[in-house]
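So the sequence shown is numbered by the numbering used here: it starts at 587 and just counts up by one.
Just so it is clear, CB atoms sit at the ideal spot from N, CA and C, and this is done for glycine as well.
Predicted model, so just to flag it, every value in this text is computed and none were measured.
Only one structure is covered here, and it is reproduced in the block below.
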Amino acid sequence: MPLHDFFPCLRFEIPESVRQALSRLRYNSMFYGVAVFRKDNAGHNFALNIPQPGVIFHRVSKLNFLGEDSPEESGFLFEVTFRADSRVAAYSKEELAGRILDGFETMDLAKREDFIDIDIRRVKYAYVIYDLTHRRNTDAVLGHLRSAGIPCCGRFAEFEYVNMDNVIERAMKLAASLNQEWTADE
Ligand SMILES: Cc1cc2nc3c(=O)[nH]c(=O)nc-3n(C[C@H](O)[C@H](O)[C@H](O)COP(=O)(O)OP(=O)(O)OC[C@H]3O[C@@H](n4cnc5c(N)ncnc54)[C@H](O)[C@@H]3O)c2cc1C
Numbered sequence: 587m588p589l590h591d592f593f594p595c596l597r598f599e600i601p602e603s604v605r606q607a608l609s610r611l612r613y614n615s616m617f618y619g620v621a622v623f624r625k626d627n628a629g630h631n632f633a634l635n636i637p638q639p640g641v642i643f644h645r646v647s648k649l650n651f652l653g654e655d656s657p658e659e660s661g662f663l664f665e666v667t668f669r670a671d672s673r674v675a676a677y678s679k680e681e682l683a684g685r686i687l688d689g690f691e692t693m694d695l696a697k698r699e700d701f702i703d704i705d706i707r708r709v710k711y712a713y714v715i716y717d718l719t720h721r722r723n724t725d726a727v728l729g730h731l732r733s734a735g736i737p738c739c740g741r742f743a744e745f746e747y748v749n750m751d752n753v754i755e756r757a758m759k760l761a762a763s764l765n766q767e768w769t770a771d772e
């Protein structure tokens, strides 16, 4: 679980320097979901990264791409990155849906007249931000937990931008090393 949510669960004293380091670990949040259209204009492409600042999402992925040959509808996963203190964070679902449809039209990926439905979810912890103090602050926080006998594993548990494959690899390594440690203690 994310370090920011884990610390309030701890029942032992946390040094001020560690609390400060934790408060300096920065991250981006995300709105994501699925938008469905009767048809699309995205071509034979799976994922499109969109750097245009005027378009609210940074990536869309065509969900039918890996499955049906001629699906009757087109479903897109969209991802909208934001910070807690940004204008986007305060958007209602209706405003967001409008901006997302604007994005599909601006990029000529799909038309409003073909729109069927949309589902939007919010995830607080999405992307770790590697600012200049990331390493120092992360080491301070994880070092304190380690010294208290708490190893951490996972994207927001280690505060590293790792994907699923890497999290699984780290979990397997940690499990093996804990097994070894505990077997040696017996
Ligand atoms: C929209 C989106 C798209 C992504 N796409 C990809 C992709 O295409 N490929 C890829 O490899 N990765 C992708 N990722 C990243 C991937 O989801 C993460 O890297 C991965 O899930 C991290 O694994 P984890 O075990 O650290 O955390 P999680 O999978 O988030 O697991 C943490 C678990 O802890 C639980 N938890 C949290 N708080 C508590 C609590 N207080 N008590 C008990 N349980 C708690 C949560 O419910 C959750 O089940 C994507 C992420 C997002 C948000």
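At a threshold of 7 Å, does residue i count as lining ligand 1 (C-beta to nearest heavy atom)?
| i | result |
| --- | --- |
| Y613 | no |
| G740 | yes |
| Y618 | yes |
| V748 | yes |
| V727 | no |
| A670 | no |
| M758 | no |
| E680 | no |
| D626 | no |
| E755 | no |
Suppose contacts are defined by Cβ-Cβ distances below 8 Å. Is residue i in contact with residue j by that definition?
| i | j | result |
| --- | --- | --- |
| I636 | R685 | no |
| V620 | D705 | yes |
| D671 | N627 | no |
| F742 | L589 | yes |
| F617 | F690 | no |
| N723 | R610 | yes |
| F632 | F662 | no |
| K679 | S615 | no |
| A760 | P737 | Rather than Ala, the amino acid found at residue 760 in this sequence is Leu. A contact, by the Cβ cut-off of 8 Å. |
| G640 | T692 | yes |
Helix, strand or coil: how does DSSP classify residue i here?
| i | result |
| --- | --- |
| L570 | No answer is possible for residue 570: it lies beyond the span of the chain, which begins at 587 and ends at 772. |
| V714 | strand |
| S609 | helix |
| N752 | helix |
| S615 | strand |
| T667 | strand |
| I686 | helix |
By the 10 Å Cβ neighbour count, where 16 or more other Cβ atoms means buried, how is residue i classified, buried or exposed?
| i | result |
| --- | --- |
| G735 | exposed |
| A676 | exposed |
| E602 | exposed |
| A726 | buried |
| Y716 | exposed |
| V714 | buried |
| H630 | exposed |
| R747 | Contrary to the premise, residue 747 reads as Tyr rather than Arg in this sequence. Label assigned to Y747: exposed. |
| L608 | buried |
| A696 | buried |
| L728 | buried |
| K625 | exposed |
Below 8 Å on the Cβ atoms is my guess for residue i versus residue j; work out the distance and round it to an integer in Å.
| i | j | result |
| --- | --- | --- |
| E659 | V604 | Wrong, their Cβ atoms sit about 50 Å apart, outside the cutoff. |
| C739 | A757 | 5 Å |
| R698 | L687 | 5 Å |
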